[in-house]
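J.: Dropping the structure in here first, questions after.
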Amino acid sequence: MEESVFDQLDLRLLAELQRDASRSNQALAESLGISPATSLRRVRRLVELGVIERQVALLQPDRLAVVLGHGLTALVEVSLDRQGQEQLDAFEACAVADAAVQQCWRVSPGPDFVLVVAVCDMPGYQALAQRLFTQDANVRNVRAFFSLKRAKFEPAQPLPDRWRG
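If you're matching positions, the sequence shown starts at 1 in full-length UniProt numbering and goes up one per residue.
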């Protein structure tokens with residue numbers, strides 16, 4: 001989709017929604033100096049165009065740790081033995097279907113995939129490794145990097161500076 005299909009108001013709306021999508025339409029409209037009807041119409045259009053994929057709640061892992069434990073996050077590099085389209089698609093399908101995989105990226109150069117995985121503990125990681133890496137004869141190499149601290153997490157997509165509110 002080309003940037004030209006968006007005007008300044010669309011991109012300001014997107015920037016505001018990325019900051020806090022839980023606000024009411026009234027509050028969103030007020031923050032942009034537009035009518036609630038205009039805000040609602042524009043947001044619905046952005047949803048229909050597929051620009052807004054979904055709205056989710058971002059959970060604070062440190063606050064959840066009291067109840068769930070701290071868990072284990074790992075960045076995992078995966079190299080396949082054969083990199084044909086069929087083999088890449090097959091591994092990707094397995095990875096994205098696994099609930100522990102939060103992100104799956106095909107990358108180049110270097111490994112074929114980088115995964116961000118979240119599990120409860122090391123036995124949980126071992127179970128994931130068995131499911132995704134050990135059972136797949138095409139997985140040649142796996143390197144896991146376990147997170148000690150999440151210094152930054154920003155899910156917002158960068159928008160051009162000239163359009164920010």
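Note that the Cβ used here is the ideal one computed from N, Cα and C, for glycine as well.
According to DSSP, is N138 part of a helix, a strand, or is it coil?
T.: In the structure shown, N138 sits in coil (DSSP, three-state: anything other than H, G, I, E or B).
J.: Quick check: what's the CA-CA separation for R45 versus R82?
T.: For R45 and R82, the distance between alpha carbons rounds to 43 Å.
J.: State the start and end residues of the unbroken beta strand (DSSP E) segment that holds L128.
T.: Premise fails: L128 lies in the alpha helix (DSSP H), 122 to 129, not in any beta strand (DSSP E).
J.: At 4 residues or longer, and completely inside the stretch 3 to 61: list those alpha helix (DSSP H) runs for me, N to C.
T.: Qualifying alpha helix (DSSP H) stretches, in chain order: 8 to 19, 25 to 32, 36 to 48.
J.: Taking the Cβ atom as the reference point for each residue, do A21 and Q55 lie within a distance shorter than 8 Å?
T.: The answer is yes: Cβ separation under 8 Å.
J.: DSSP state of Q85, grouped into three classes?
T.: Helix.
J.: Taking A100 and V78 to be in contact with their CB atoms under 8 Å, please state how far apart those CB atoms are, rounded to whole angstroms.
T.: The pair is not a contact, with the Cβ atoms about 14 Å apart (cut-off 8 Å).
J.: Check whether the Cβ atoms of L115 and A95 sit closer than 8 Å, and answer yes or no.
T.: Contact: yes.
J.: Would a C-beta distance cut-off of 8 Å place A29 and S147 closer than the cut-off?
T.: Contact flag unset, no.
J.: Using CA coordinates, which residue listed in P36, F153, V51 is at the minimum distance from F6?
T.: Looking at the Cα atoms, V51 is the closest of the given residues.
J.: Give me, in chain order, the residues of the same chain whose beta-carbon lies closer than 7 Å to that of L159; leave out the 5 immediate sequence neighbours on both sides.
T.: Counting only Cβ-Cβ distances below 7 Å, and skipping sequence neighbours, we find L11, L14, A15.
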